[in-house]
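Novice: Quick one: the structure is below, questions incoming.
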Amino acid sequence: MNYKRSSALFAQAEMVIPGGVNSPVRAFKAVGGTPIFVKEAKGGYLYDEDGNRLIDYINSWGPMILGHAYKPVVDAVVDKAKKGTSFGMPTEIETKIAELAVSMVPNIDKIRFVNSGTEACMSAVRLARGFTGKDKIIKFAGCYHGHSDSFLIQAGSGAITFGTPNSPGVTQGTAKDTLLARYNDIENVSQLIEANKDEIACIIIEPVAGNMGCIPPKNEFLKGLRDLCNANNILLVFDEVMTGFRLARGGAQELFNINADIVCFGKVIGGGLPVGAFAARNEIMNYLAPLGPVYQAGTLSGNPLAMAAGLAMLNELNNDVEIFNRLEEKTAYLHEGIAKVLSDNNIVYTINRVGSMISVHFDEGEVVDFETAAKGNNETFKKFFHGLLNEGVYIAPSAFETWFITDALTYKDLDYTIEAIDKVAKTL
Ligand code: PMP
């Protein structure tokens, strides 16, 4: 395939945008080469600036669960745009989407809309700290909760010590309040809690990790966290920015039958517009301004375009009783197909999948946490990525990312993809 125009556009972008992109993973640093510039997208396909058609397995990193330019969403946005794009005043549609979200998700009474997943997680942590009167948080190595300071922390020298900043600009002062635990290791979490008795406000987790490839929680791990939180007056925060409205109507809480205290959303809830949200029971949400003392705000929060897109999306997901089964079946079909062709070609791999989140790790053995995810063979992944791109199949440009399956994909698209993987596997 020819990517001449994308390359030229990237060179131009690099002159005026740092690294040519507005979010780092788009820059192809992990896989080499230059990023593809999208011209438009429809259903399960991207059309790039060079006229190539790509089958899309990223789907804007999750939101396009029903496909790109989905008509009810586009119509809702266009209709709203004609009536004004932001007022900074309340509108009825905010209540409508809030009512719908509260009816779909277990264990929440109120929801507050923000503009990104980052804002949702940052605000959830502030609320947890305000509500419990404690400062420290536990997060898991390899989980991503957006780019706010408290989350840009890496493990310190020992398992029980504080984290250290993993970006310049994050202060030691912030880092000392974030403790790093190993995903799927309940003992490790228990030790951290013991070593920081009565200091931990919340544990924040991706209930299915999607930011170190897809990593499912082991049996009883989430339940173990729930029990530890109950016993130690700690709030459990589920970051459902990826899993919310994707794994089930009620997200991971519903899928695993575990209640979180605060739930964060993003991606699907905005139908592709910049939206995030966080939600909890009344006793916690009433702690937020203007009702309570914890401050949180946003000029564009709940703006009519974002709410229209989100409401149209959630209505579709709420009304289509088969959608989550269909997504699961399509992804399971893809899973089986990929496993077969990789095995037939003697490639060492592990595939992790939960519902419509799936990832391929080029290593054998279980992938259960950041350490095991990092063992994947990145050289093989790079060849795999570029090979697939050449066949018109677009997966995330990093081995640490999950593929998000859209309902717009047909079984023909899935078969094409499996054949493409067979071809590429022969070159690995
Ligand atoms: N949480 C999770 C689990 C995410 O995957 C992401 C983004 N990929 C975020 C939070 C941050 O969301 P945003 O990029 O919208 O700020």
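Sequential numbering from 1 applies to the sequence shown in UniProt numbering.
Beta carbons are placed, not taken as given, at the ideal position from N, Cα and C, and that holds for glycine.
Excluding the five sequence neighbours on either side, which residues of its own chain have a C-beta within less than 7 angstroms of the C-beta of Ile160, listed in chain order?
Specialist: Only weak support is given to the placement of Ile160: the predicted model assigns it a pLDDT of 49, under 50, and the question is left unresolved by the model.
Novice: Below 8 angstroms between beta carbons: does that hold for Ile269 and Ala101?
Specialist: yes
Novice: Residue 433 lies in the beta strand (DSSP E); which residues open and close that run?
Specialist: Outside the modelled stretch of the chain, which goes from 1 to 428, sits residue 433, for which no answer is possible.
Novice: Out of Ala175, Ala420, Met212, state which residue places its alpha-carbon closest to the alpha-carbon of Lys375.
Specialist: Met212
Novice: Check whether the Cβ of Gly276 lies closer than 7 angstroms to any heavy atom of the ligand PMP, and answer yes or no.
Specialist: Relative to the ligand PMP, Gly276 has its C-beta within less than 7 angstroms of a heavy atom.
Novice: Does DSSP put Val241 in a helix, in a strand, or in coil?
Specialist: coil
Novice: Under the criterion of a Cβ to heavy atom distance below 7 angstroms, does Cys214 qualify as lining the ligand PMP?
Specialist: no
Novice: In the DSSP output, what is Leu46 paired with across the bridge?
Specialist: Looking at the DSSP output, Leu46 bridges to Ala41, Leu54.
Novice: Alpha carbons only, please: which of Ala339, Ser356, Asp344, Met357 is nearest the one belonging to Thr350?
Specialist: Ala339
Novice: Are the Cβ atoms of Ala308 and Ile93 separated by less than 8 angstroms?
Specialist: yes
Novice: Bridge partners for Lys110 per DSSP, in chain order?
Specialist: Ala280
Novice: Look at Thr402 and Ser359 and say whether their C-beta atoms are less than 8 angstroms apart.
Specialist: yes
Novice: With DSSP as the reference, identify every bridge partner of Arg249, one or two as the case may be.
Specialist: Arg249 pairs with nothing; no bridge assigned.
Novice: Less than 8 angstroms separating the beta-carbons of Leu236 and Leu225?
Specialist: yes
Novice: With DSSP as the reference, identify every bridge partner of Tyr394, one or two as the case may be.
Specialist: DSSP lists Asp56 as partners of Tyr394.
Novice: Between which residues of its own chain and Cys229 is the CB-CB distance below 7 angstroms, once the five residues before and five after are set aside?
Specialist: Ile203, Leu235, Leu236
Novice: Less than 7 angstroms between the CB of Val348 and some heavy atom of the ligand PMP, yes or no?
Specialist: no
Novice: Verify the contact flag: Asp369, CB atom, against every heavy atom of the ligand PMP, threshold strictly below 7 angstroms.
Specialist: no
Novice: Would you say Glu367 and Ile215 are within 8 angstroms of each other, going by their C-beta atoms?
Specialist: The question names Glu, but residue 367 in the sequence shown is Val. Contact flag set, yes.
Novice: So what's Leu288 in DSSP terms, helix, strand or just coil?
Specialist: strand
Novice: When you compare each of Gly84, Gly67, Lys96 to Leu311 by their alpha carbons, which one comes out closest?
Specialist: Looking at the Cα atoms, Lys96 is the closest of the given residues.
Novice: Between Ala396 and the rest of its own chain, which residues show a CB-CB distance below 6 angstroms, the 5 nearest in sequence each way excluded?
Specialist: Ile58
Novice: Using 10 angstroms around the beta-carbon of Lys426, count the other beta-carbons present and answer buried if the total reaches 16, otherwise exposed.
Specialist: exposed
Novice: Taking Asn282 as the reference, give the member of Gly292, Asn346, Gly276 with the closest Cα.
Specialist: Gly292
Novice: If you measure between the beta carbons of Gly250 and Pro106, is that distance less than 8 angstroms?
Specialist: yes
Novice: Going by DSSP, what residue range makes up the alpha helix (DSSP H) through Val348?
Specialist: Element bounds for Val348: n/a, residue is neither H nor E.
Novice: Give me the Cα-Cα distance between Leu66 and Met242, rounded to the nearest whole angstrom.
Specialist: 15 angstroms
Novice: On the three-state DSSP scale, how would you describe Ala159?
Specialist: Caution is warranted here: a pLDDT of 46 is assigned to Ala159, below 50, making its placement in the model unreliable, and no coordinate value can be reported.
Novice: State yes or no: is the C-beta of Met122 nearer than 7 angstroms to some heavy atom of the ligand PMP?
Specialist: no
Novice: Does the contact criterion of 3 or more C-beta pairs under 8 angstroms hold for the stretch 11-31 versus the stretch 412-419?
Specialist: no
Novice: So is Ile17 buried or exposed if we call it buried at 16+ other beta carbons inside 10 Å?
Specialist: exposed
Novice: Which parts of the stretch 151-231 are runs of the beta strand (DSSP E), unbroken and 3 residues or longer, counting only runs that do not cross its ends?
Specialist: As far as the stretch 151-231 is concerned, its whole beta strand (DSSP E) runs of at least 3 residues are 178-181, 200-205.
Novice: Is it buried or exposed, Arg182, if we count other Cβ atoms within 10 angstroms and call 16 or more buried?
Specialist: Residue burial is scored here from C-beta neighbours: Arg182 has at least 16 other C-beta atoms within 10 angstroms and is therefore classed as buried.
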